[in-house]
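Data first, discussion second: the structure below is written as structure tokens.
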Amino acid sequence: MKIRQQDRTLIGWLLAGWLGLCLVPWYAQDDGLFGFGWAGADFLADRDMAPALVQVLGHGRLWLLPLALFLALPLPALLSARYTVHRANLLITAGALGLAWMAIQGLAVDHRGPAAWLAPFVPARSRQYSMGAGAVLVGLSFLFTLTNGLAAKGAVKGDRFVAGSIGLVVGVVALFVFVPVGLVLLGAVRDPDGAFAPAHFVGQFLDARIWGLACLYGNLRCGVAWNSLLLAVLTGLSTALLGLAFALVATRTAFPFKRFLRILTVLPIITPPFVIGLAIILLFGRNGTVTQFVADLLGIEAGRWIYGLPGVWFAQTLAFTPIAFLVLIGVVEGVSPSMEEAAQTLRADGWTTFKTVSLPLMRPGIANAFLLGFIESLADFGNPLVLSGNFDLLSTEIYFAMVGAQHDPGRAAMMAVVLLAFTLVAFWAQQRWLGRRNYTTVTGKGDSGLPLQLVPGLRHAVYAVTIPWALLTVVLYALILVGGLVEVWGRDYTPTLRHMVAAFGVTRGEFGLVWSGTAWNSFSTTLAIALIAAIPTAAIGLLTGWLLVRQDFGMKRAFEFGTMLSFAIPGTVIGIAYILAFNAPPVELTGTGIILVISFVFRNMPVGVRAGIASMSQLDRSLDEASLTLRASSFTTMRRIVLPLLRPAILAALVYSFVRAMTAISAVVFLVSAQYEMATTYILGRVENGEYGIAVAYCSVLILAMLAVIGIFQLLVGQRRLGRRSAMPVAAPVGVVP
Amino acid sequence: MNQASVRFENVSKAYGTVVAVREVSFEVAAGTLVTLLGPSGCGKTTTLRMIAGLELATAGRIYIEGQDVTTLPATARDVAMVFQSYALFPHMTVQENVGYGLSVSGRPKAEIRRRADEAMATVGLAGYGERLPAELSGGQQQRVAVARAIVLEPQVLLFDEPLSNLDTKLRRRVREELRDLQQRLGITSIYVTHDQEEALAVSDRIIVMNQAVIAQAGTPRELYEEPASRFVADFIGDANLLQAEVTAVDGQLARVQLGASSLALPSRGMGRGPATLAIRPHAIRVHDRPADGANPMEVSHAIYLGSHVQYELDGAVGHLFATAPAAERMIPKGDKAWVTFDERSVALVPA
């Protein structure tokens, strides 16, 4: 029988499915998905290691048998000589039923035993554990059989690779974003015993601790939702205004240190979460340099004034202003100079032009920056944790409700729903209302005009705001580098390497070097997991970007919204969601390194998508089409044309997802285990113990390590080869949140 | 080289509610060059892309050499295309660009090298193999695009406005080269353009499209001399479209009255009654004194253009645009003039 070219991948996936069914352990093994401890053992005989088919035949797990039937269903289709609708329907049916049955049997028979409806058919003592490598192979096989059938019916122009890619992205996003978040919503409408209880939901929802307004009229505290909203609005405003001021300095003045300003934009990406909070404590805390100086000067008692709204707001403004700056630089540069010149030829003076032309054109961008700051503030975990004091905020309260002494998962889920609602509304507003308007101001067309310089009054005002702020930022980062090298900040400034040694000591032991520092374990884990996560993040992100820019298919807007959504889901919500979803079979991942990798992949995917969209939009679509008409498949086109031309975007996505993973805290704090401790959770532990010296020393090492990694990545990915006219600009979207 | 016919049967393409191509049927004979001509947005490029497989038809069937390719993706069709932007891969040399199709088809290296060299020699680019596309002129890039398309010896070669990125003088030369190459290789070609002069110059047959349907198909001469509609008459060359009266029909010949003029024209199946006339500008004879059967007009514009004179005239028959050889005396603006018509360049338009 001659194998048709178009059938090769289908045959490959079916083979993989049968391999997964017959030769690979169906259930998860103790040594992980990629551990091969079972391969040496007599795994066919073992109840826990046997492949699915052996489970059916030898261990009485009959409910796995339909999988073999659904996997056999497509085989006649391969023999049929013609591509017919019947053949395509067969593939679709087999794939869809197979996936559905995998989910049904997994939910029906879990670690506690079979569900009631299945009880008559299977022994009551039947148990199942988490799905493993065999299940992954079989699941992928079903998925690609389904997409192959859809493509054969003419979906996405009959392109099997595109159909498979869409299926894969939809599948993983559904499994790792929508299902977990859906479970949070479900969790919120259940009472502590797990029964469905809408009344309980309403009661929880209206809880005074969430929505109370007592602070307005009494001495009591306000609800945590109001606190979070107030902080988010303040942070959104302050970051947008400061970002605008910096953007104006960078583009509309003769400021001599513009390059330095650009460096500021890299800072938030390489800054571990507690750095700014810690630096603020070193300066303004009870023992802080500034606090003590002022207290001595005025002869008053040093207070804890920084803890609470002022401190968090200050820290968040410092942390997120560079993001607003990055967004607004694009906006300010996007205002066409010729429009300003037109206004001036119509007798408008500099200030009037700025007020009536430039500023209105920038307005959607400013609103966009505000919403970004708003979302970032709501989702922020690190700064509130060290600085919020008694000013309770949703993101940290969720954490305390989940892991603290209160241990109230229902309340945690409830607050997660409120937080999610806030961020989703802001995200929705940003995408629908502003997203498109924002693009129209940046045409990318050449403009021979010169950008208008700021009028002197405005220029001085902008300088007065930005220069002190930039200096403050510099001081704070210098503090982090220095703060870990003194005995006790605020009390004893004797230089010491004590903290460094405690964290990163290396001693010579009996068997060579011993990594004796307490931080090595978390440091190496973090590096490894961040590196592992960077690759799928970039891959899925760019694949999705490619699908969005280059392919047309039904529900594309919904697809885009779904893939970008995880940006708007705060890390704490993802953390809770993953615990709810993946703590028990059919998919049990808690305590593994995989769950950390997965959480990073889907938290950072939107950045990869944005990077892919930005650079893909600048590659002429006819390049792909030329390749296709020259008999290259979509996959070959991707590999030989698109990827080589996208190297800068790949670099950006890799670096960004790597450093984001290194510095993530909010979701991670729920997901770490003794075996897989991350740098940020280690630092958090030190902060909670008051060991600021080690925490600060660790932060400075992390910053330097991330700078080094970025440099290495740069060398690895290399430069594009485009010949003389290589001026084709590819936006480097480092740090641009959508 | 392979030769194959291309056939469309009631092919439609819709994007949601917008119909880009509506129930189009035509056949391209093997070895010929057929042009899809029309204003922008008429559906000609969509039609071309459906032949390539870059768009799939929403209804109807497409055949290449009798084989139904309607649902085949671009990769699986034996068709090559020269893109408007050339779409040369910027990260590959000319050699790699031309050899790309062979390379992804898994041909041996030596064969790729040899056939790519042949294709480059065919388009007159031998020796340019190691350059990057960015190091070539626009005309050279265009030839690389052609070489890359013909190296696969496709059944059908598609051109999507291949000359639109070249300057005017180069355009004329390149279109002659393309036509020569097509005839030399005898390859079935389909060519999209919005430039009617270019279409007349290169085509065996022209398919004029307008608003998602075929307005008329025929040889360049048929389209020019026997336009099927006001749109075609106006789009192919300039035409004055005037209302006239068919007074008598005698077999193939119709007697048409236009003001004072009486013309004997091919009837094209029309009966007595009002009709539309398409009069080419050069078919209008402009006189400075009254003549037999001439219509009196007033000159509203007279422009001297070196090789000829352009007149715009108004009178009882309507508004006329005419070109005349640059005679010694030009009739100045505002003067009276009398016009007669050369029947060979006047046609009755059915619709």
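Sequence lines, in order, name chains Z and W.
Numbering of the first sequence is given in the numbering used here, commencing with residue 1 and proceeding in unit increments.
Numbering of the second sequence is given in the numbering used here, commencing with residue 1001 and proceeding in unit increments.
The beta carbon of each residue, even a glycine, is placed where N, CA and C say it ideally should be.
Candidates the options: closest to residue i by CA position
{"i": "Ala697/Z", "options": "Gly505/Z, Leu23/Z, Leu419/Z, Val597/Z", "result": "Gly505/Z"}
{"i": "Pro364/Z", "options": "Gly382/Z, Phe391/Z, Phe381/Z, Leu328/Z", "result": "Leu328/Z"}
{"i": "Ala1217/W", "options": "Gln1243/W, Leu1036/W, Asp1167/W", "result": "Leu1036/W"}
{"i": "Phe1089/W", "options": "Ala16/Z, Gly113/Z, Ser622/Z", "result": "Ser622/Z"}
{"i": "Asp30/Z", "options": "Leu168/Z, Tyr129/Z, Gly517/Z", "result": "Tyr129/Z"}
{"i": "His200/Z", "options": "Gly575/Z, Met131/Z, Thr496/Z, Ala413/Z", "result": "Ala413/Z"}
{"i": "Leu1166/W", "options": "Gln1196/W, Gly1138/W, Pro1220/W, Gln1211/W", "result": "Gly1138/W"}
{"i": "Ile598/Z", "options": "Leu472/Z, Arg286/Z, Gly575/Z", "result": "Gly575/Z"}
{"i": "Arg767/Z", "options": "Leu589/Z, Leu146/Z, Val668/Z", "result": "In this structure chain Z extends from 1 to 738, so residue 767/Z is not present and cannot be described."}
{"i": "Ala649/Z", "options": "Gly223/Z, Gly236/Z, Val607/Z, Val224/Z", "result": "Val607/Z"}
{"i": "Val1011/W", "options": "Thr1017/W, Arg1344/W, Ser1025/W", "result": "Ser1025/W"}
{"i": "Glu1352/W", "options": "Leu630/Z, Ala664/Z, Ala538/Z", "result": "The question about residue 1352/W has no answer, for chain W in this structure spans 1001 to 1351."}
{"i": "Arg262/Z", "options": "Val701/Z, Phe325/Z, Gly20/Z", "result": "Phe325/Z"}
Residue j beta carbon less than 9 Å from that of residue i
{"i": "Met616/Z", "j": "Val549/Z", "result": "yes"}
{"i": "Val138/Z", "j": "Leu71/Z", "result": "yes"}
{"i": "Gly1357/W", "j": "Glu1298/W", "result": "Residue 1357/W lies beyond the stretch modelled for chain W, which goes from 1001 to 1351, so this question has no answer here."}
{"i": "Tyr27/Z", "j": "Val275/Z", "result": "no"}
{"i": "Ala88/Z", "j": "Lys153/Z", "result": "yes"}
{"i": "Ile1051/W", "j": "Leu1178/W", "result": "no"}
{"i": "Ser739/Z", "j": "Gly571/Z", "result": "This structure leaves residue 739/Z out entirely; chain Z is present only between 1 and 738."}
{"i": "Val290/Z", "j": "Thr563/Z", "result": "no"}
{"i": "Leu1357/W", "j": "Lys258/Z", "result": "Because chain W in this structure spans residues 1001 to 1351, residue 1357/W falls outside the shown range and cannot be described."}
{"i": "Asp552/Z", "j": "Ser1085/W", "result": "no"}
{"i": "Ala741/Z", "j": "Leu229/Z", "result": "No answer is possible for residue 741/Z: the residues shown for chain Z start at 1 and end at 738."}
Residue i - DSSP class collapsed to helix/strand/coil
{"i": "Arg1285/W", "result": "strand"}
{"i": "Arg1257/W", "result": "In the sequence under discussion, the amino acid at residue 1257/W is Gln, which differs from the Arg named in the question. It is a strand residue."}
{"i": "Gly509/Z", "result": "strand"}
{"i": "Ala1265/W", "result": "A small correction: the amino acid at residue 1265/W is Leu; Ala does not occupy that position in the sequence shown. Strand at Leu1265/W."}
{"i": "Ser1164/W", "result": "coil"}
{"i": "Thr440/Z", "result": "At Thr440/Z, the pLDDT of 39 sits below 50, so the modelled position is not reliable and the matter cannot be decided from this model."}
{"i": "Val1123/W", "result": "coil"}
{"i": "Trp515/Z", "result": "coil"}
{"i": "Pro1356/W", "result": "Outside the modelled stretch of chain W, which goes from 1001 to 1351, sits residue 1356/W, for which no answer is possible."}
{"i": "His111/Z", "result": "coil"}
{"i": "Lys355/Z", "result": "helix"}
{"i": "Asp1314/W", "result": "strand"}
{"i": "Asn1240/W", "result": "strand"}
{"i": "Ile1303/W", "result": "strand"}
{"i": "Trp1338/W", "result": "strand"}
{"i": "Ala426/Z", "result": "helix"}
{"i": "His59/Z", "result": "helix"}
{"i": "Gln1142/W", "result": "helix"}
{"i": "Leu1023/W", "result": "The amino acid occupying residue 1023/W in the given sequence is Glu; Leu does not appear at that position. Looking at Glu1023/W - three-state DSSP - the assignment turns out to be strand."}
{"i": "Ser336/Z", "result": "coil"}
Own chain, CB closer than 7 Å to residue i, minus 5 neighbours either side, in chain order
{"i": "Asp159/Z", "result": "Ala151, Ser634"}
{"i": "Ala577/Z", "result": "Pro180, Val181, Leu183, Val184"}
{"i": "Met706/Z", "result": "Ile270, Val659, Met662"}
{"i": "Leu1163/W", "result": "Arg1171, Val1174, Arg1175, Glu1198"}
Cβ shell of residue i (< 8 Å), same chain only, five flanking positions each side left out
{"i": "His115/Z", "result": "The question names His, but residue 115/Z in the sequence shown is Ala. Closer than 8 Å at the Cβ level, and outside the excluded window around Ala115/Z, lie Leu107, Ala108, Val109."}
{"i": "Pro585/Z", "result": "Gly106, Asp110, His111, Gln128, Tyr129, Ser130, Met131"}
Cβ-based neighbour list, residue i, same chain, cut-off 6 Å, excluding 5 preceding and 5 following
{"i": "Ile683/Z", "result": "Phe274, Ala695, Tyr698"}
{"i": "Pro1281/W", "result": "Asp1238, Phe1321, Ala1322, Thr1323"}
{"i": "Cys427/Z", "result": "Just to set this straight, residue 427/Z is Phe in the shown sequence, not Cys. Excluding positions up to five away in sequence, the list reads Ala568."}
{"i": "Thr507/Z", "result": "Val514, Ser516"}
Original post:
Listed in chain order, which residues of the stretch 644-668 of chain Z have Cβ atoms closer than 8 Å to some Cβ of chain W?
Top reply: Under the 8 Å Cβ criterion, the stretch 644-668 of chain Z contributes Pro644, Leu645.
**OP:** Mind checking the stretch 1059-1082 of chain W against chain Z and listing, in chain order, the residues whose C-beta falls within less than 8 Å of any C-beta there?
**Re:** Listed by position along the chain: Thr1071, Leu1072, Pro1073, Ala1074, Thr1075, Ala1076, Arg1077, Val1079, Ala1080, Met1081.
**OP:** Could you name the residues of the stretch 604-633 of chain Z whose beta carbon sits closer than 8 Å to any beta carbon of chain W, in the order they occur along the chain?
**Re:** Those would be Asp620, Ser622, Leu623, Glu625, Ala626, Ser627, Leu628, Thr629, Leu630, Arg631, Ala632, Ser633, in chain order.
Subject >> Interface residues of the stretch 153-176 of chain Z facing chain W [CB-CB below 7 Å] >> reply: Listed by position, the residues of the stretch 153-176 of chain Z near chain W (Cβ gap below 7 Å) are Gly154, Lys157, Gly158, Asp159.
Subject >> the stretch 271-302 of chain Z: positions lying closer than 7 Å to chain W by Cβ >> reply: Taking 7 Å as the Cβ-Cβ cut-off against chain W, none of the residues of the stretch 271-302 of chain Z qualify.
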